[in-house]
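Student:
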Amino acid sequence: MAPSRAAVPAPGKIVCVGLNYRDHVAEGAGREAPEWPLLFSKFANAVVGDGDAIVRPEGTRALDLEVELGVVIGRRARRVVADAALGHVAGYVVVNDISARDWQGSKPALAEGQKGDGQWLRAKGSDTFLPMGTMLIPAAELEPAAGLRLRSWRIPGPGRPGAGDAVLMQDGSTADMIFGIAELIAFISRSITLEPGDVIATGTPSGVGVFRDPPVFLEPGDRVRCEIEGIGSVENPIVDWTDDPRP
């Protein structure tokens, strides 16, 4: 296989933030905005580049997409204060937080009587579950707090309704984050040292497939595209584990 085209192909740490956009909190019934950042993680094995396959693992049928702003650390951050936090950022990249909603335990993804195992690490950290764009935009060139437009599309595969036509799923702004980038770095670095090359995935806006009526999940043959204004895009095909192209 060709080398990954991801901007950061092997991060030392990937720290992800859940429920960090108010409209995403609101689209799930019974959820409330968190009082502090909700953190989880992925492994470097999750990172794939533009054009690489997202592999649907054996045992899940509910893959979903989440366009997110990725923050790449450029200078070690340990117990930094928010006012100084942005000085530790190398740049920004577009990422896609792929999620197996049935494993995650999201009710709309479960068949009657089915129980998800509730393990976010498996549901969100499986191999190929963090497509990442090629372009790393230097921190000095962008101001996410001012509002960068984030969008995602699902492109149905052959034999699916609307095959080949991009369907807009998410359309939001980084200005709507509950916890901004500086707050996130300060919060994380109180207990976890952030090193150069580490990545923070900062959360997603509303429009994900699991909360649509009926829910919409990614199927083998589909493609998914995520784009952030001023940064670029990443597009990937979905394949079943039985067709995994990796050696």
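Counted from 1, the sequence shown has number 218 at position 216 by the working numbering; the numbering is strictly sequential. All residues carry an ideal CB built from backbone N, CA and C; glycine is no exception. A quick note: this is a predicted structure, and the numbers were derived from the prediction, not measured.
Counting Cβ pairs, one atom from each stretch, are 3 or more of them under 8 Å apart for the segment 70-78 and the segment 101-112?
Tutor: The segment 70-78 is not in contact with the segment 101-112.
Student: Count the other CB atoms, across all protein chains shown, that sit within 10 Å of the CB of T130; report buried if there are 16 or more and exposed otherwise.
Tutor: Locating residue 130 in the sequence shown gives position 128, counting from the first residue. Buried, by the Cβ-count rule.
Student: Report yes if the C-beta distance between G159 and A165 is below 8 Å; otherwise report no.
Tutor: One-based indexing of the sequence shown puts residue 159 at position 157. One-based indexing of the sequence shown puts residue 165 at position 163. Closer than 8 Å, so yes.
Student: Quick one: is P216 buried, meaning 16 or more other Cβ sit within 10 Å of its Cβ, or exposed?
Tutor: As a first step, residue 216 must be located in the sequence shown, where it is residue number 214. That one is exposed.
Student: Tell me the residue span of the beta strand (DSSP E) that contains Q172.
Tutor: Reading the sequence shown from its first residue, position 170 is the one you call residue 172. Counting along the chain, the beta strand (DSSP E) containing Q172 begins and ends at V169 to S175.
Student: In or out: D66 buried (at least 16 other Cβ within 10 Å) or exposed?
Tutor: Here residue 66 refers to the residue found at position 64 of the sequence shown. That one is buried.
Student: So, is K44 buried or exposed, given that buried needs 16 or more other C-beta atoms within 10 angstroms?
Tutor: Stepping through the sequence shown from its first residue, residue 44 is reached at position 42. The residue in question, K44, is buried, as its Cβ has 16 or more Cβ neighbours within 10 Å.
Student: Let's test the definition: count the other Cβ atoms within 10 Å of the Cβ of K126 and tell me whether it reaches 16, buried, or not, exposed.
Tutor: Reading the sequence shown from its first residue, position 124 is the one you call residue 126. Buried, by the Cβ-count rule.
Student: If you check the beta carbons only, do G205 and D173 fall under 8 Å apart?
Tutor: Counted from its first residue, the sequence shown places residue 205 at position 203. Counted from its first residue, the sequence shown places residue 173 at position 171. No; because the gap between Cβ atoms is not below 8 Å, this pair is not in contact.
Student: Output yes or no for whether 8 Å exceeds the beta carbon distance between Y94 and I139.
Tutor: Counted from its first residue, the sequence shown places residue 94 at position 92. Counted from its first residue, the sequence shown places residue 139 at position 137. Yes.
Student: Looking at C-beta atoms only, is the number of pairs between the segment 211-227 and the segment 35-54 that lie closer than 8 Å three or more?
Tutor: Verdict: no, contact absent.
Student: For the alpha helix (DSSP H) containing V96, name the first residue and the last one.
Tutor: Translated into positions along the sequence shown, residue 96 becomes position 94. Premise fails: V96 lies in the beta strand (DSSP E), V91 to N98, not in any alpha helix (DSSP H).
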